[in-house]
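Okay, so here's the structure we're looking at.
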Amino acid sequence: MRVTIGGPPGSGKTTVAKIVSNQLRYTHIYTGDIFRNLAKERGMSLGDFSKLAEKDYSIDIEVDRRQKELGNTENIILEGRMARFVINPDLSVWITAPFDERVKRISQRENLTYDEVFKDTELREKSEINRYQKIYNVDISNLASYDLVINSLRLSADGVSQIIIAAINNISPVPKGDRV
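Heads up: the sequence shown begins at 1 in the UniProt record's numbering, then just goes up one per residue.
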């Protein structure tokens, strides 16, 4: 079973992906780690590398190439906003929450003010939407291609994880070539 979990910053996707992969003993592949490793390979800070990625689309393409390579195995959770478009998953999940809630979560996690995170998150999301549209002609805000969309506002991470595990346990794998 190959599962992708995507979502905007602060939605809870990383926490949920870890819980699901641990409970099912699946391999968890996190796109953020791939991005961080590329920055390290180039001897750059994460902030500088992120700025470079906004101008140099080859970085996104390389991250996706590595995701595709790593995602070619069974029993994986591939986590990332573009993961669903990089591999042909048996189950694709999008986790979301209202913008204000996500900003609150990030500010608590990163120990930053709400206003700092609000502005940064707003810019980051606009940048990613534009980049993915330009590079891949994909509108990541269009959720129609996902099998399961979960609003995490009123659910715990365990609750969201249980919904995903139930879906995994009740879904039939998609025959190759049948996925849009």
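Cβ coordinates follow ideal geometry from the N, Cα and C atoms, glycine included.
Please report how far the alpha carbon of Val-16 lies from the alpha carbon of Arg-65, in whole angstroms. Against the sequence shown, residue 16 aligns to sequence position 16. Against the sequence shown, residue 65 aligns to sequence position 65. Roughly 24 Å between the two C-alpha positions.
With 16 other Cβ atoms within 10 Å as the buried cut-off, status of Gln-67: As a working note, residue 67 is residue 67 in the sequence shown. Under this definition Gln-67 is a buried residue.
Residues that DSSP places opposite Val-93 in a beta bridge: What you label residue 93 is simply residue 93 of the sequence shown in a count that begins at 1. Per DSSP, Ile-5, Leu-148.
Do the CB positions of Thr-73 and Thr-27 come within less than 9 Å of each other? Here residue 73 corresponds to residue number 73 of the sequence shown, with the count starting at 1. Here residue 27 corresponds to residue number 27 of the sequence shown, with the count starting at 1. Yes; because the gap between Cβ atoms is below 9 Å, this pair is in contact.
Have a look at Phe-49 and Leu-143 and give me their C-alpha separation to the nearest angstrom. Residue mapping note: residue 49 aligns to position 49 of the sequence shown, counting from 1. Residue mapping note: residue 143 aligns to position 143 of the sequence shown, counting from 1. Approximately 28 Å, taken between the alpha carbons.
Beta strand (DSSP E) containing Leu-78: first to last residue? Mapped onto the sequence shown, residue 78 falls at position 78. Run containing Leu-78: 76–79, per the beta strand (DSSP E) assignment.
So does the region 103–118 actually touch the region 49–59, counting three or more Cβ pairs closer than 8 Å? no
Report the rounded CA-to-CA distance for Asp-120 versus Ile-165, giving the unit in angstroms. On the sequence shown, position 120 is the one that residue 120 refers to. On the sequence shown, position 165 is the one that residue 165 refers to. Straight-line Cα distance between these residues: approximately 33 Å.
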